[in-house]
Amino acid sequence: MTELLFFLYFAVMTIVSSVLTVGLRSPVYCALALLSTLLHVAGLFVLLHAEFVAALQVIVYAGAVLVLYIFVIMLLDLKTVEKFLHKQVGIAIFFGVVLIFEILIGLFQSPLFSSAPKVIAQAEAPIGNTAEVGIALFTKYLLPFEIVGIILLGAVIGALVLAKKVPAS
Amino acid sequence: MIPLSYYITVSTVMFVIGLVGVLIRRNFLIILFSIELMLNAANINLIAFSRHYGEIDGQVISLFIITIAAAEAAIGLAIIIVLFRKKAITNVDELNLMKW
């Protein structure tokens with residue numbers, strides 16, 4: 001019962017703040033609504049017993065990525081403009097609602113949801129969630145882990161090269 | 170124990186909100202925010218299924234998604250800064266240099 005209550009809180013707040021993220025006028029308010037979304041998604045992760053991913057969500061997303069975004073907003077000194085939406089806003093929202101129902105109908109008719117959940121009992125997983133993720137990351141997923149490291153290095157170099165001042169030739 | 174379908178519903182709604190955000194906003198930065206929303210919806214899906222099947226793989230893949238999102242944010246913001254230095258616009262409608 002308590003779990004359901006927490007789930008409802010996090011789910012409703014996630015949806016509401018994502019609507020605010022795309023709907024608010026000022027970019028700074030949008031960034032703050034995105035921050036709220038990310039924190040509530042981290043709450044959903046905790047409810048799913050993925051504590052390590054929840055911590056990383058707060059540290060990396062809400063801590064690092066959001067600060068980067070807000071830094072750029074402050075740097076560019078964006079003005080709040082009057083016309084912040086496209087002309088096709090009505091048709092986009094209409095097709096968005098249609099798409100939600102289409103995906104949900106497709107999902108709920110799949111045999112996936114009739115399968116019973118296989119939940120590990122707490123006694124069967126004596127090591128914590130972090131240790132489990134770490135073991136999987138350094139054994140089964142070692143090669144993707146290294147590739148992601150190279151992608152991050154490429155992103156760092158690419159961002160530096162892009163944002164560097166071009167010397168006047 | 171909350172059923173899997175609740176989480177899937179939340180992530181579907183969040184994904185479509187991100188998609189609509191990409192379609193309706195004019196500001197380059199808000200479009201990047203909407204992409205972050207869609208990536209987060211994918212993360213919720215992965216972790217809900219990882220819990221449903223009692224496997225750890227979904228959590229590991231969602232870590233990779235978080236990493237890729239950070240890289241994407243860095244590159245996207247670098248592109249925005251370069252654009253802003255050249256043209257001082259953030260409206261995607263005015264970025265039609267490569268259109269023919």
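Listed in order, the protein sequences are those of chains A and B.
Per the working numbering, residue 1 is the first one in the first sequence, and the count goes up by one each step.
Per the working numbering, residue 170 is the first one in the second sequence, and the count goes up by one each step.
For every residue, glycine included, the Cβ atom is placed at its ideal position computed from N, Cα and C.
All values derive from a computational prediction rather than experimental measurement.
**Prompt:** Listing by chain order, which chain A residues have their CB less than 8 Å from the CB of A242 of chain B?
**Reply:** Residue mapping note: residue 242 of chain B aligns to position 73 of the second sequence, counting from 1. V65, L68 and Y69, listed in chain order.
**8 Å Cβ cutoff, P27 of chain A in contact with chain B** = As a working mapping, residue 27 of chain A is identified with position 27 in the first sequence. Yes, contact with chain B.
**Prompt:** Helix, strand or coil: which one does DSSP assign to N260 of chain B?
**Reply:** Numbered from 1 along the second sequence, position 91 holds the residue referred to as residue 260 of chain B. Note: N260 of chain B maps to strand in three-state DSSP.
**Asked** If you compare alpha carbons, which of B:W269, B:D226 and B:N196 is closest to T130 of chain A?
**Response** Numbered from 1 along the first sequence, position 130 holds the residue referred to as residue 130 of chain A. Out of B:W269, B:D226 and B:N196, B:D226 has the C-alpha closest to the C-alpha of T130 of chain A.
**Message:** Can you list, in chain order, the residues of its chain with a C-beta nearer than 6 Å to that of G245 of chain B? Leave out the 5 residues immediately preceding and following it.
**Reply:** Along the second sequence, read from residue 1 onward, the residue named residue 245 of chain B stands at position 76. Answer for G245 of chain B: L201, listed in chain order.
**Prompt:** Residues of chain B with a CB under 9 Å from the CB of Y9 of chain A: which are they?
**Reply:** Sequence index remark: in the first sequence, residue 9 of chain A carries index 9 (1-based). Within 9 Å Cβ-Cβ: nothing; Y9 of chain A doesn't reach chain B, min ~12 Å.
**Message:** Quick check for students: name the residue ranges of the alpha helix (DSSP H) that lie wholly in the stretch 124-152 of chain A, counting only runs of 4 or more.
**Reply:** 129-138
**Message:** Within 10 Å of its beta-carbon, does A210 of chain B have 16 or more other beta-carbons around it, so buried, or fewer, so exposed?
**Reply:** Within the second sequence, numbered from 1, the residue matching residue 210 of chain B stands at position 41. A210 of chain B is buried by the Cβ-count criterion.
**Asked** Along the chain, where does the alpha helix (DSSP H) that runs through I225 of chain B open and close?
**Response** Stepping through the second sequence from its first residue, residue 225 of chain B is reached at position 56. Neither: I225 of chain B is in no alpha helix (DSSP H) and is coded neither H nor E.
**Message:** Taking the straight line between their C-alpha atoms, what separation do you get for L68 of chain A and A243 of chain B?
**Reply:** If you number the first sequence from 1, residue 68 of chain A lands on position 68. If you number the second sequence from 1, residue 243 of chain B lands on position 74. Going from the Cα of L68 of chain A to the Cα of A243 of chain B covers about 8 Å.
**Message:** Any beta carbon of chain A sitting closer than 8 Å to that of I193 of chain B?
**Reply:** On the second sequence, residue 193 of chain B is found 24 positions in, with the first residue counted as 1. True, the Cβ-Cβ gap to chain A drops below 8 Å.
**Asked** Is it right to say Q57 of chain A is buried, meaning 16 or more other beta carbons lie within 10 angstroms of its own, or is it exposed?
**Response** Counting from one through the first sequence, the residue named residue 57 of chain A turns up at place 57. Counting Cβ neighbours within 10 Å, Q57 of chain A comes out buried, since at least 16 surround it.
**Request:** Kindly list, in the order they appear in chain B, the residues whose Cβ is closer than 8 Å to that of L137 of chain A.
**Result:** In the first sequence, the residue the question calls residue 137 of chain A occupies position 137. Within chain B, the residues near L137 of chain A are V229 and L232.
**Prompt:** Do the CB positions of F154 of chain B and V161 of chain A come within less than 8 Å of each other?
**Reply:** The requested residue 154 of chain B is not part of the displayed model; chain B covers only 170 to 269.
**Prompt:** Any C-beta of chain A sitting closer than 8 Å to the C-beta of L188 of chain B?
**Reply:** Numbered from its first residue, the second sequence carries residue 188 of chain B at position 19. By this cut-off, L188 of chain B is an interface position.
**Item:** DSSP state of L206 of chain B mapped onto helix, strand, coil
**Value:** Sequence index remark: in the second sequence, residue 206 of chain B carries index 37 (1-based). Helix, per DSSP.
**Asked** Roughly how many angstroms lie between the CA atoms of M74 of chain A and K256 of chain B, to the nearest whole one?
**Response** Residue mapping note: residue 74 of chain A aligns to position 74 of the first sequence, counting from 1. Residue mapping note: residue 256 of chain B aligns to position 87 of the second sequence, counting from 1. Between M74 of chain A and K256 of chain B, the C-alpha separation is close to 18 Å.
**Prompt:** Can you check whether the CB of L76 of chain A is closer than 8 Å to the CB of L35 of chain A?
**Reply:** To locate residue 35 of chain A, count along the first sequence from 1; it is residue 35. To locate residue 76 of chain A, count along the first sequence from 1; it is residue 76. Taking 8 Å as the Cβ cut-off, L35 of chain A and L76 of chain A do not qualify as a contacting pair.
**Request:** Take every Cβ of the stretch 150-159 of chain A, pair it with every Cβ of the stretch 171-191 of chain B, and state whether three or more of those distances are shorter than 8 Å.
**Result:** no
**Asked** Among residues of its own chain, excluding the 5 on either side of A31 of chain A, which ones have a beta-carbon nearer than 7 Å to its beta-carbon?
**Response** The residue labelled residue 31 of chain A in the question sits at position 31 within the first sequence. Taken in chain order, the residues that qualify are L66, Y69, I70 and I73.
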